[in-house]
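Trainee: Just so you know, my numbering puts 483 at position 62 of the sequence shown, and the rest follows in order with no gaps.
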Amino acid sequence: MAIKMRRLSNALGAEIRDVDISKPMSESTFGSIHRIFLDHGILLLRNQNVTREQHIEFSRRFGELDKHDALPRDRHPDYPELLLVTNRPNPDGTPSESRYTGRLWHTDLSYTTHPALGSLLRCFNLPEVGGDTLFANMAMAYDALSAGMKKLIADLHGIHLSGTRQINNQEAGTARQAEVMRLNPPIAQPVVRAHPETGRKALYLGEKVKRFDGMTEDESRPLIDYLNKHATRPEFVYRHQWRENDIIVWDNRCTMHQALADFDETQLRHLERTTVMGTPSGYVVTA
Ligand code: OGA
Ligand code: MN
422 MAIKMRRLSN ALGAEIRDVD ISKPMSESTF GSIHRIFLDH GILLLRNQNV
472 TREQHIEFSR RFGELDKHDA LPRDRHPDYP ELLLVTNRPN PDGTPSESRY
522 TGRLWHTDLS YTTHPALGSL LRCFNLPEVG GDTLFANMAM AYDALSAGMK
572 KLIADLHGIH LSGTRQINNQ EAGTARQAEV MRLNPPIAQP VVRAHPETGR
622 KALYLGEKVK RFDGMTEDES RPLIDYLNKH ATRPEFVYRH QWRENDIIVW
672 DNRCTMHQAL ADFDETQLRH LERTTVMGTP SGYVVTA
């Protein structure tokens with residue numbers, strides 16, 4: 422079956438049309454979808470009114486799923502493969518732990534030594550307006566750097582902190598942040614990573630990066646800020662306006678994303694994510 426697709430932006434993304442992930446899918450159809458995923462960095466599948474089991478089953482085709490030990494508070498109580506991204510209050514009326522998930526530029530689980538290959542986020546409930554997500558193409562951003570800058574950053578490692586206090590992070594000081602930090606020591610990741618499947622080089626950074634290994638925070642900050650600002654220029658970005666039953670699959674190895682707070686937080690925004698485990702990368706920083 423020929424897959425129908427439509428590009429989402431000049432920088433990245435493709436919508437796959439006429440596919441229902443709850444139906445059996447041949448290896449060759451999945452192979453074509455997987456190729457589009459590698460070529461475009463993110464996939465959009467609309468109108469996927471599927472069960473949690475079907476979301477999980479489809480996700481497994483991309484690889485082994487994470488059980489979210491790095492983020493135990495955000496797990497679905499019955500499905501460890503599902504991570505809640507929701508502002509629905511807990512049954513006891515306390516605010517949801519995951520209501521501020523992703524409010525800064527990041528790539529999933531970069532603060533572990535098994536950063537995610539991909540994530541599949543499914544939209545259940547949306548505020549009346551807003552609640553968009555931004556995605557950036559980090560391979561395109563890398564390619565646009567000068568030869569001098571590429572040489573300068575070739576061997577640098579960025580130290581990724583989980584739950585860091587950064588601009589735009591409303592999690593600072595919460596119990597969730599304290600737990601995520603306790604479970605996850607600082608991890609150094611290469612600033613430039615060759616994609617394990619395509620071989621294409623991409624920047625691997627984000628706002629969880631505090632400093633470069635072997636350098637002070639003051640020394641590192643200007644270059645980290647420059648690279649993040651460069652990578653998130655509008656020409657490298659796609660902004661997704663969600664609809665209910667959208668599933669977005671993103672490649673965490675060559676894209677970053679950010680959840681926007683551009684909505685009325687008294688309205689329900691509820692999404693659920695599976696996380697596909699990636700190849701080992703990075704090392705624990707002790708000092
Ligand atoms: C995530 C995430 C963004 C959003 O689920 O990993 O960062 O817009 N979510 O909810
Ligand atoms: Mn995320």
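Virtual Cβ for every residue (Gly too), placed ideally from N, Cα, C.
Taking the alpha carbon of S449 as the point to measure from, which residue in A423, A537, D439 has its own alpha carbon closest?
Mentor: Answer by Cα proximity: A423.
Trainee: Hey, quick one: how far does the beta strand (DSSP E) through I712 stretch, first residue to last?
Mentor: Outside the displayed range of the chain (422 to 708) lies residue 712, so it cannot be described from this structure.
Trainee: Could you say which of Y704, L555, A537 lies nearest to V658 if we only look at CA atoms?
Mentor: Of the listed residues, the one whose Cα sits closest to V658 is L555.
Trainee: Indicate, with yes or no, if ligand 2 has a heavy atom lying under 7 Å from the CB of D529.
Mentor: Yes.
Trainee: Counting along the chain, where does the alpha helix (DSSP H) carrying M559 start and finish?
Mentor: Counting along the chain, the alpha helix (DSSP H) containing M559 begins and ends at 559 to 564.
Trainee: Can the beta-carbon of F545 be found closer than 8 Å to that of H691?
Mentor: Yes. Within cutoff.
Trainee: Could you tell me whether any non-hydrogen atom of ligand 1 is closer than 7 Å to the CB of T695?
Mentor: Not under cutoff, so the answer is no.
Trainee: Touching or not, the region 621 to 628 and the region 645 to 658, by the rule of three or more beta carbon pairs under 8 Å?
Mentor: Contact between the region 621 to 628 and the region 645 to 658 is present, because at least three Cβ pairs lie under 8 Å.
Trainee: Over what stretch of residues does the beta strand (DSSP E) that includes G539 continue unbroken?
Mentor: Segment 537 to 546, the beta strand (DSSP E) holding G539.
Trainee: With DSSP as the reference, please indicate the residues paired to K622 in a beta bridge.
Mentor: Note: K622 sits in a beta bridge opposite A615.
Trainee: Could you please give me the residues that DSSP links to W671 through a beta bridge?
Mentor: For W671, which the question treats as bridged, DSSP gives the partners I463, S540.
Trainee: For the region 527 to 534 against the region 631 to 639, are there 3 or more C-beta pairs whose distance is under 8 Å?
Mentor: Not touching, per the Cβ criterion.
Trainee: Identify the residues that DSSP records as bridge partners of V658: which are they?
Mentor: DSSP lists A557 as partners of V658.
Trainee: Are the Cβ atoms of M570 and A432 separated by less than 8 Å?
Mentor: In this structure, A432 does not lie closer than 8 Å to M570 by Cβ.
Trainee: In this structure, how does DSSP classify E485 when only helix, strand and coil are distinguished?
Mentor: Residue state, collapsed to three classes: coil.
Trainee: Taking Q598 as part of the alpha helix (DSSP H), name the residues at either end of that continuous run.
Mentor: Run containing Q598: 596 to 604, per the alpha helix (DSSP H) assignment.
Trainee: So, at 7 Å on beta carbons, what are the nonlocal neighbours of V471 in its own chain, with the 5 sequence-adjacent residues on each side left out?
Mentor: So the qualifying residues of the chain are I442, S443.
Trainee: Which value, in whole angstroms, describes the spacing of the CA atoms of S540 and F684?
Mentor: Roughly 23 Å between the two C-alpha positions.
Trainee: In angstroms with no decimal places, state the Cα-to-Cα distance between G452 and R473.
Mentor: Computed Cα separation, rounded: 23 Å.
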